Amino acid sequence: MFTTLEVDVARASGPTIARWQLGRELHRLREAAKVSHKEIAAELGCSESKIYKIESGAVGVSRADVIVMLTRYGVEDERARHTALELQRQGKERGWWAKFGQLPNPYSMYIGLESAATAVRNFELAVVPGLLQTEAYAYAITSAAWPGQSEEARRRVEVRMTRQACLTEEPALKFWGIVDEGVLRRQTGGPDVMRRQLHHLIEMSERPNIELQVLPFSEGWHPGTVGSFSILEFPEDIHSPVVYVVSQAGDAYLEREDDLRRVTLTYTHLHAAALSVNKSRDLIAAIAKDMT
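Pasting the structure below:
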(Lines of atoms letter the chains of each structure in order from A; the text may use other names.)
(Lines give C-alpha, C1' and ligand atoms only; values in the text may rest on other atoms or scores of the structure.)
Protein backbone atom coordinates (compact mmCIF):
# COMPACT_ATOMS: atom_id res chain seq x y z
CA MET A 1 0.00 0.00 0.00
CA PHE A 2 1.12 3.58 -0.62
CA THR A 3 1.73 4.35 3.03
CA THR A 4 4.36 7.09 2.78
CA LEU A 5 3.81 8.78 -0.58
CA GLU A 6 2.48 12.29 -0.98
CA VAL A 7 0.77 13.24 -4.21
CA ASP A 8 1.56 16.95 -3.84
CA VAL A 9 4.98 18.01 -5.04
CA ALA A 10 7.17 20.98 -4.14
CA ARG A 11 6.83 24.27 -6.04
CA ALA A 12 6.15 23.99 -9.77
CA SER A 13 8.24 20.85 -10.04
CA GLY A 14 6.61 19.36 -13.10
CA PRO A 15 6.33 15.60 -13.55
CA THR A 16 9.72 14.60 -12.13
CA ILE A 17 8.89 13.88 -8.48
CA ALA A 18 5.59 12.18 -9.33
CA ARG A 19 7.41 9.81 -11.71
CA TRP A 20 10.05 9.05 -9.10
CA GLN A 21 7.45 8.41 -6.41
CA LEU A 22 5.38 6.13 -8.62
CA GLY A 23 8.42 4.28 -9.97
CA ARG A 24 9.78 3.70 -6.50
CA GLU A 25 6.50 2.25 -5.28
CA LEU A 26 5.93 0.11 -8.37
CA HIS A 27 9.40 -1.34 -7.82
CA ARG A 28 8.55 -2.12 -4.17
CA LEU A 29 5.22 -3.68 -5.09
CA ARG A 30 6.74 -5.83 -7.83
CA GLU A 31 9.39 -7.19 -5.50
CA ALA A 32 6.82 -7.80 -2.73
CA ALA A 33 4.70 -9.76 -5.21
CA LYS A 34 7.82 -11.69 -6.36
CA VAL A 35 7.24 -10.74 -10.01
CA SER A 36 10.31 -10.41 -12.22
CA HIS A 37 11.00 -7.64 -14.72
CA LYS A 38 10.68 -10.19 -17.48
CA GLU A 39 7.25 -11.39 -16.29
CA ILE A 40 5.66 -7.94 -15.99
CA ALA A 41 7.24 -6.86 -19.29
CA ALA A 42 5.62 -9.88 -20.99
CA GLU A 43 2.26 -8.96 -19.45
CA LEU A 44 2.53 -5.39 -20.68
CA GLY A 45 3.94 -6.40 -24.06
CA CYS A 46 7.04 -4.26 -23.71
CA SER A 47 10.78 -4.65 -23.18
CA GLU A 48 12.37 -5.27 -19.80
CA SER A 49 14.35 -2.05 -20.23
CA LYS A 50 11.08 -0.11 -20.23
CA ILE A 51 10.19 -1.58 -16.82
CA TYR A 52 13.57 -0.48 -15.48
CA LYS A 53 12.96 3.03 -16.84
CA ILE A 54 9.46 3.19 -15.33
CA GLU A 55 10.73 2.08 -11.93
CA SER A 56 13.60 4.57 -12.02
CA GLY A 57 11.19 7.37 -12.93
CA ALA A 58 13.05 8.07 -16.17
CA VAL A 59 9.87 7.83 -18.25
CA GLY A 60 6.16 8.24 -17.72
CA VAL A 61 3.76 5.30 -17.85
CA SER A 62 0.25 5.00 -19.23
CA ARG A 63 -2.80 4.69 -16.99
CA ALA A 64 -3.65 1.33 -18.55
CA ASP A 65 -0.18 -0.05 -17.79
CA VAL A 66 -0.37 1.10 -14.16
CA ILE A 67 -3.72 -0.64 -13.75
CA VAL A 68 -2.27 -3.86 -15.17
CA MET A 69 0.75 -3.62 -12.88
CA LEU A 70 -1.29 -2.94 -9.74
CA THR A 71 -3.59 -5.85 -10.52
CA ARG A 72 -0.67 -8.19 -11.20
CA TYR A 73 0.93 -7.13 -7.93
CA GLY A 74 -2.25 -7.83 -6.00
CA VAL A 75 -3.01 -4.23 -4.98
CA GLU A 76 -6.75 -4.17 -4.22
CA ASP A 77 -6.98 -1.25 -1.82
CA GLU A 78 -8.93 1.51 -3.60
CA ARG A 79 -7.07 4.33 -1.88
CA ALA A 80 -3.70 2.89 -2.89
CA ARG A 81 -4.85 2.42 -6.48
CA HIS A 82 -6.23 5.97 -6.59
CA THR A 83 -2.93 7.38 -5.30
CA ALA A 84 -0.96 5.44 -7.90
CA LEU A 85 -3.19 6.64 -10.71
CA GLU A 86 -2.99 10.23 -9.48
CA LEU A 87 0.80 10.02 -9.49
CA GLN A 88 0.60 8.51 -12.97
CA ARG A 89 -1.50 11.49 -14.13
CA GLN A 90 0.95 13.99 -12.66
CA GLY A 91 3.88 12.09 -14.16
CA LYS A 92 2.41 12.41 -17.64
CA GLU A 93 1.82 16.15 -17.38
CA ARG A 94 4.05 18.51 -19.26
CA GLY A 95 6.47 20.58 -17.20
CA TRP A 96 6.00 24.35 -16.88
CA TRP A 97 8.86 24.80 -19.37
CA ALA A 98 6.82 23.21 -22.18
CA LYS A 99 5.08 26.55 -22.78
CA PHE A 100 8.38 27.89 -24.14
CA GLY A 101 8.39 25.40 -27.00
CA GLN A 102 10.76 22.56 -27.82
CA LEU A 103 13.95 22.68 -25.76
CA PRO A 104 16.90 20.29 -26.16
CA ASN A 105 16.26 17.11 -24.17
CA PRO A 106 19.32 17.49 -21.89
CA TYR A 107 18.24 21.04 -20.97
CA SER A 108 14.62 20.00 -20.38
CA MET A 109 15.89 17.19 -18.18
CA TYR A 110 18.01 19.61 -16.15
CA ILE A 111 15.10 22.01 -15.66
CA GLY A 112 12.95 19.13 -14.43
CA LEU A 113 15.62 18.06 -11.95
CA GLU A 114 16.25 21.61 -10.75
CA SER A 115 12.52 22.23 -10.29
CA ALA A 116 12.25 19.08 -8.16
CA ALA A 117 15.42 19.69 -6.13
CA THR A 118 15.50 20.83 -2.52
CA ALA A 119 19.09 22.06 -2.75
CA VAL A 120 21.70 22.77 -5.41
CA ARG A 121 25.46 23.09 -4.91
CA ASN A 122 26.92 24.82 -7.95
CA PHE A 123 30.43 25.74 -9.08
CA GLU A 124 30.89 28.07 -12.04
CA LEU A 125 34.22 28.68 -13.73
CA ALA A 126 33.22 31.12 -16.47
CA VAL A 127 29.75 32.61 -15.97
CA VAL A 128 27.41 33.73 -13.20
CA PRO A 129 25.13 30.86 -12.08
CA GLY A 130 21.97 30.87 -14.18
CA LEU A 131 19.70 31.23 -11.14
CA LEU A 132 21.52 34.44 -10.16
CA GLN A 133 21.78 36.13 -13.56
CA THR A 134 20.11 39.41 -14.42
CA GLU A 135 18.09 39.50 -17.62
CA ALA A 136 20.61 41.79 -19.35
CA TYR A 137 23.57 39.57 -18.40
CA ALA A 138 21.68 36.43 -19.46
CA TYR A 139 20.88 37.99 -22.84
CA ALA A 140 24.52 39.00 -23.35
CA ILE A 141 25.85 35.46 -22.93
CA THR A 142 22.92 33.81 -24.70
CA SER A 143 23.08 36.06 -27.77
CA ALA A 144 26.80 35.29 -27.99
CA ALA A 145 26.00 31.57 -27.96
CA TRP A 146 23.36 31.98 -30.70
CA PRO A 147 24.71 34.77 -32.94
CA GLY A 148 22.14 36.05 -35.40
CA GLN A 149 19.32 34.18 -33.62
CA SER A 150 17.83 36.92 -31.45
CA GLU A 151 14.46 35.18 -31.02
CA GLU A 152 16.09 31.97 -29.80
CA ALA A 153 18.28 33.98 -27.44
CA ARG A 154 15.24 35.79 -26.01
CA ARG A 155 13.39 32.49 -25.56
CA ARG A 156 16.32 30.99 -23.65
CA VAL A 157 16.55 34.09 -21.45
CA GLU A 158 12.82 33.92 -20.71
CA VAL A 159 13.19 30.30 -19.64
CA ARG A 160 16.15 31.21 -17.43
CA MET A 161 14.29 34.06 -15.75
CA THR A 162 11.31 31.79 -15.08
CA ARG A 163 13.62 29.14 -13.58
CA GLN A 164 14.65 31.64 -10.93
CA ALA A 165 11.23 31.41 -9.27
CA CYS A 166 12.53 28.34 -7.42
CA LEU A 167 14.57 30.70 -5.24
CA THR A 168 11.52 32.60 -4.01
CA GLU A 169 8.56 30.21 -4.22
CA GLU A 170 7.96 28.07 -1.14
CA PRO A 171 9.59 25.85 -0.26
CA ALA A 172 12.49 27.91 -1.59
CA LEU A 173 15.42 26.07 -3.12
CA LYS A 174 18.58 26.13 -0.97
CA PHE A 175 21.35 27.34 -3.27
CA TRP A 176 25.09 27.17 -2.53
CA GLY A 177 27.14 28.85 -5.24
CA ILE A 178 30.90 29.13 -5.70
CA VAL A 179 32.25 31.23 -8.57
CA ASP A 180 35.79 31.70 -9.79
CA GLU A 181 36.95 35.33 -9.48
CA GLY A 182 37.26 35.48 -13.26
CA VAL A 183 33.46 35.27 -13.49
CA LEU A 184 33.23 38.62 -11.71
CA ARG A 185 35.91 40.39 -13.71
CA ARG A 186 34.84 39.30 -17.19
CA GLN A 187 32.87 42.27 -18.54
CA THR A 188 30.04 40.31 -20.11
CA GLY A 189 27.72 42.72 -21.89
CA GLY A 190 29.89 45.71 -21.02
CA PRO A 191 30.62 47.55 -17.76
CA ASP A 192 27.05 48.78 -17.10
CA VAL A 193 25.51 45.32 -17.53
CA MET A 194 28.25 43.75 -15.46
CA ARG A 195 28.03 46.32 -12.67
CA ARG A 196 24.29 45.74 -12.32
CA GLN A 197 24.94 41.99 -12.34
CA LEU A 198 27.45 42.30 -9.51
CA HIS A 199 25.05 44.38 -7.43
CA HIS A 200 22.40 41.75 -8.08
CA LEU A 201 24.74 39.05 -6.79
CA ILE A 202 25.24 41.01 -3.57
CA GLU A 203 21.50 41.45 -3.16
CA MET A 204 20.73 37.78 -3.83
CA SER A 205 23.52 36.61 -1.51
CA GLU A 206 21.70 38.27 1.38
CA ARG A 207 18.71 35.97 1.01
CA PRO A 208 18.56 33.30 3.75
CA ASN A 209 18.41 30.41 1.26
CA ILE A 210 21.40 31.54 -0.83
CA GLU A 211 25.08 31.23 0.03
CA LEU A 212 27.57 32.68 -2.45
CA GLN A 213 31.35 32.40 -2.26
CA VAL A 214 34.16 33.58 -4.52
CA LEU A 215 37.25 31.51 -5.26
CA PRO A 216 39.98 34.19 -5.55
CA PHE A 217 42.80 34.24 -8.07
CA SER A 218 45.22 34.02 -5.15
CA GLU A 219 44.27 30.35 -4.72
CA GLY A 220 46.00 29.58 -8.01
CA TRP A 221 45.13 26.24 -9.59
CA HIS A 222 42.15 24.47 -8.04
CA PRO A 223 40.14 21.32 -8.87
CA GLY A 224 37.36 23.49 -10.32
CA THR A 225 39.55 24.50 -13.26
CA VAL A 226 38.44 21.25 -14.88
CA GLY A 227 34.98 22.76 -15.40
CA SER A 228 31.63 23.79 -13.94
CA PHE A 229 29.20 21.40 -12.31
CA SER A 230 26.11 21.20 -10.12
CA ILE A 231 25.08 18.74 -7.42
CA LEU A 232 21.29 18.53 -7.17
CA GLU A 233 19.79 17.13 -3.98
CA PHE A 234 16.31 15.75 -3.39
CA PRO A 235 14.32 14.39 -0.44
CA GLU A 236 16.15 11.26 0.76
CA ASP A 237 13.10 9.04 0.37
CA ILE A 238 12.56 10.23 -3.21
CA HIS A 239 15.92 10.14 -5.00
CA SER A 240 19.66 10.21 -4.41
CA PRO A 241 21.69 13.29 -5.51
CA VAL A 242 22.46 13.84 -9.18
CA VAL A 243 25.57 15.56 -10.56
CA TYR A 244 25.19 17.65 -13.71
CA VAL A 245 28.29 18.44 -15.77
CA VAL A 246 28.44 20.55 -18.93
CA SER A 247 31.21 20.12 -21.47
CA GLN A 248 31.90 20.52 -25.18
CA ALA A 249 31.24 16.80 -25.49
CA GLY A 250 27.70 17.28 -24.19
CA ASP A 251 25.81 17.28 -20.91
CA ALA A 252 26.38 14.43 -18.47
CA TYR A 253 24.36 13.23 -15.49
CA LEU A 254 26.23 11.23 -12.84
CA GLU A 255 24.46 9.12 -10.22
CA ARG A 256 26.92 6.35 -9.33
CA GLU A 257 28.16 6.43 -5.73
CA ASP A 258 31.83 6.77 -6.69
CA ASP A 259 31.05 9.68 -9.03
CA LEU A 260 28.97 11.41 -6.34
CA ARG A 261 31.72 10.89 -3.79
CA ARG A 262 34.39 12.30 -6.11
CA VAL A 263 32.42 15.39 -7.12
CA THR A 264 31.24 16.05 -3.56
CA LEU A 265 34.86 15.91 -2.38
CA THR A 266 35.81 18.39 -5.11
CA TYR A 267 33.04 20.75 -3.99
CA THR A 268 34.19 20.43 -0.37
CA HIS A 269 37.72 21.46 -1.37
CA LEU A 270 36.39 24.43 -3.36
CA HIS A 271 34.17 25.48 -0.45
CA ALA A 272 37.15 25.41 1.92
CA ALA A 273 39.39 27.35 -0.49
CA ALA A 274 36.82 30.05 -1.31
CA LEU A 275 36.42 33.29 0.61
CA SER A 276 33.79 33.42 3.33
CA VAL A 277 30.33 34.68 2.38
CA ASN A 278 31.00 38.11 3.90
CA LYS A 279 34.47 38.47 2.36
CA SER A 280 33.06 37.30 -0.99
CA ARG A 281 30.38 39.99 -0.78
CA ASP A 282 33.05 42.60 -0.03
CA LEU A 283 35.14 41.49 -3.02
CA ILE A 284 32.13 41.63 -5.34
CA ALA A 285 31.34 45.15 -4.15
CA ALA A 286 34.94 46.27 -4.66
CA ILE A 287 35.07 44.87 -8.20
CA ALA A 288 31.75 46.57 -9.03
CA LYS A 289 33.05 49.90 -7.68
CA ASP A 290 36.23 49.72 -9.76
CA MET A 291 34.51 48.62 -12.97
CA THR A 292 34.63 51.21 -15.74
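Counted the way full-length UniProt numbering counts, the sequence shown spans residues 1 to 292. Ideal placement from N, C-alpha and C gives every residue a C-beta, glycine not left out. Computed from a predicted structure; not experimentally measured.
Do residue j and residue i come within 8 Å of each other at the CB atom, strictly closer than that value?
i, j, result
"G177", "L212", "yes"
"E43", "V61", "no"
"Y73", "R24", "no"
"R63", "E114", "no"
"V157", "F100", "no"
"M291", "P191", "yes"
"L201", "L131", "no"
"L26", "E55", "yes"
"T16", "G148", "no"
"A80", "V66", "no"
"V246", "L254", "no"
Measuring alpha carbon to alpha carbon, tell me which of the options ends up nearest residue i.
i, options, result
"I287", "S240, Q197 and L260", "Q197"
"R262", "P208, V75 and P223", "P223"
"I231", "K279, L265 and Y139", "L265"
"W96", "R256, E39, C166 and V214", "C166"
"V193", "T225, E76, L254 and E135", "E135"
"V179", "K289, E55 and R281", "R281"
"V183", "A273, Y137 and V245", "Y137"
"V226", "I210, Y267 and A32", "Y267"
"R195", "K34, C46 and K289", "K289"
"G250", "S228, E86, P106 and R89", "P106"
"T118", "E86, A145, N209 and Q248", "N209"
"V277", "R207, A32 and R185", "R207"
Would you report the Cα separation of residue i and residue j, rounded to the nearest angstrom?
i, j, result
"K174", "P241", "14 Å"
"P235", "G91", "17 Å"
"R28", "V120", "28 Å"
"A126", "A18", "34 Å"
"H199", "S218", "23 Å"
"L22", "A140", "41 Å"
"G57", "E124", "29 Å"
"V59", "L215", "38 Å"
"G220", "S205", "24 Å"
"Y52", "H37", "8 Å"
"Y40", "E152", "Tyr is not the amino acid found at residue 40; the sequence shown has Ile there. When rounded, the distance between both Cα atoms is 44 Å."
"S143", "S150", "6 Å"
"V7", "I284", "With a pLDDT of 39 at V7, under the threshold of 50, the modelled position of this residue cannot be trusted, and the question is left open."
"T168", "E203", "13 Å"
"H82", "T71", "13 Å"
"M109", "I238", "17 Å"
"R155", "L275", "35 Å"
"E170", "R94", "21 Å"
"E78", "K279", "57 Å"
"P104", "L270", "30 Å"
"Q187", "N122", "21 Å"
"A272", "A116", "28 Å"
The alpha helix (DSSP H) that contains residue i, what's its start and end?
i, result
"E114", "N105 to A116"
"L201", "P191 to S205"
"R78", "Correcting the residue identity first, residue 78 is Glu in this sequence and not Arg. Residues E78 to K92."
"L22", "T16 to A32"
By the three-class DSSP mapping on this structure, what secondary structure does residue i have?
i, result
"D180", "strand"
"Y137", "helix"
"Q164", "helix"
"E39", "helix"
"I238", "coil"
"S62", "coil"
"E255", "coil"
"K99", "helix"
"K50", "helix"
"K174", "strand"
"T188", "coil"
"V277", "helix"
"G224", "helix"
"V127", "coil"
"V157", "helix"
"E151", "helix"
Under DSSP, the beta strand (DSSP E) around residue i begins and ends at which residues?
i, result
"Q213", "I210 to L215"
"S247", "Unbroken run through S247: none, as it is neither H nor E."
"E124", "A119 to E124"
"S230", "F229 to E233"
Give a yes or no on whether 8 Å exceeds the smallest Cβ distance from residue i to chain D.
i, result
"F175", "This model lacks chain D altogether; it includes just one protein chain."
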